[in-house]
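Following: one structure in structure tokens, then a few remarks.
Here it is, written out as structure tokens:
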């Protein structure tokens, strides 16, 4: 038996009222799982203390090593969202400083480009198609590499990113905790207290070990939540994504950037957005300039989860 493969945007069973409702319920559950996992990480970090966590990131105090950590970590799990989210959560614990986090996040922007390059090899059987697909994927790679190289040098010399982010943070929330972070923490605190290092885990393990397990469990749940969000939102937004990409053909660069931002913010995976451009490149439906504009937007849209994580951190 060889069932016919149905494109996600035409799977009317999956996208029926019941199917869509079920998928949106899973999305909501994944968001709650993401928030819970962040608080598990924070709970474990508080149990260990800032000192040991800082020692774990001692190697990353060298900006080049921090950059490599970001590249390798993202390449290994193919999710810059996960690495960036975990880095933001680590900064929220106070165990990792912003200057250490910046190179790691920059490295994540390089590591995430590998996916599209790998996908482009699926066209290797046809030389012309492979050339167009690989060229499209390479736009993402070389733009991010070039941007990171420039940003890394400027940050090492003049620290503009550290200054800008510090100023924006101070102007928005000042020195205290955000009301959003406090509110979310109040809601999730009872569950974390019952499960974390002072709850279920602490009942069976020494406090320090329970704290480490809490961090590892939270990290695993972050990865799982991102994967779930990616898979469900990719299906739910498949038709809209295809429509936006089709309309980007011949449109202005600004519309291309906006389309890339919206699509990536929806699916929370810039690699998915860029990979979905390859068929359009192969069929010559999109020009390289249009693909570049959408790719730039994808780099913007992928930051949404990190921003939400920052708002969720209570301190």
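Residue numbers (full-length UniProt numbering): 1 to 315. We put the beta carbon where it would ideally sit given N, CA and C, even for glycine. Computed from a predicted model, the values in this text were never measured in an experiment.
> Shortest alpha-carbon distance to residue 169 belongs to which of 92, 282 and 134?
Replying inline: The residue labelled residue 169 in the question sits at position 169 within the chain shown. It is 92 whose Cα lies nearest to the Cα of residue 169.
>> Let me confirm a value: residue 299 is counted as buried when at least 16 other C-beta atoms fall within 10 Å, else exposed. Which label applies?
In response: Looking up residue 299 in the chain shown gives position 299. Burial call: buried.
> Near residue 61, what residues of its chain come up, given a Cβ to Cβ distance below 7 Å and the 5 sequence neighbours on each side ignored?
Replying inline: Within the chain shown, residue 61 is the residue found at index 61, counting from 1. The answer, listed in chain order, is 100.
>> Going by DSSP in three states, residue 62 sits in which element: helix, strand or coil?
In response: For this step, residue 62 is matched to residue 62 along the chain shown. Residue 62 falls in the coil class under three-state DSSP.
> Which class does residue 206 belong to by DSSP, given the choice of helix, strand or coil?
Replying inline: What you label residue 206 is simply residue 206 of the chain shown in a count that begins at 1. Three-state result, residue 206: coil.
>> On a Cα-Cα basis, can you pick out the residue from 135, 64, 267 and 109 that is closest to residue 289?
In response: In the chain shown, counting from the first residue as 1, residue 289 sits at position 289. Checking every option, the nearest Cα to that of residue 289 belongs to 135.
> Out of curiosity, what's the CA-to-CA distance linking residue 39 and residue 32?
Replying inline: Counted from its first residue, the chain shown places residue 39 at position 39. Counted from its first residue, the chain shown places residue 32 at position 32. Their backbone Cα atoms lie some 11 Å apart in a straight line.
>> With a threshold of 8 Å on Cβ separation, who are the neighbours of residue 129 within its own chain once the five nearest residues in sequence on each side are excluded?
In response: Position 129 of the chain shown, counted from the first residue, corresponds to residue 129. Excluding residues within five positions, the ones whose Cβ falls inside 8 Å are 123 and 282.
> Three-state secondary structure (DSSP) at residue 83?
Replying inline: As a first step, residue 83 is located in the chain shown; it is residue number 83 there, counting from the start. The answer is helix: DSSP assigns residue 83 an H, G or I state.
> Taking the alpha helix (DSSP H) that residue 273 falls in, what are its first and last residues?
Replying inline: The residue you call residue 273 lines up with position 273 of the chain shown. 270 to 276 is the extent of the alpha helix (DSSP H) around residue 273.
> Just to confirm, are residue 303 and residue 269 a CB contact at a threshold of 9 Å?
Replying inline: For the purposes of this step, residue 303 is taken as the residue at position 303 of the chain shown. For the purposes of this step, residue 269 is taken as the residue at position 269 of the chain shown. Result no, Cβ atoms of residue 303 and residue 269 do not sit closer than 9 Å.
>> Can you tell me whether residue 302 is helix, strand or coil according to DSSP?
In response: In the chain shown, residue 302 corresponds to position 302, counting from 1. In this structure, residue 302 counts as coil in the three-state DSSP scheme.
>> Measuring straight from C-alpha to C-alpha, what distance separates residue 88 and residue 82?
In response: Mapped onto the chain shown, residue 88 falls at position 88. Mapped onto the chain shown, residue 82 falls at position 82. Approximately 10 Å between the Cα atoms of the pair.
> Run through DSSP, which three-state label would residue 36 get?
Replying inline: Walking along the chain shown from the start, residue 36 turns up at place 36. Reduced to three states, the DSSP call for residue 36 is helix.
>> Quick check on DSSP: helix, strand or coil for residue 254?
In response: Position 254 of the chain shown, counted from the first residue, corresponds to residue 254. Three-state result, residue 254: helix.
> Going by other Cβ atoms of all chains shown within 10 Å of its Cβ, with 16 needed for buried, is residue 3 buried or exposed?
Replying inline: In the chain shown, counting from the first residue as 1, residue 3 sits at position 3. For residue 3, the pLDDT reaches just 44, beneath the cut-off of 50, and the residue's location in the model is therefore unreliable, leaving the point undetermined.
> If you scan the stretch 109 to 177 from start to end, which runs of the alpha helix (DSSP H) of 4 or more residues do you find wholly inside it?
Replying inline: 114 to 120, 127 to 158 and 160 to 173
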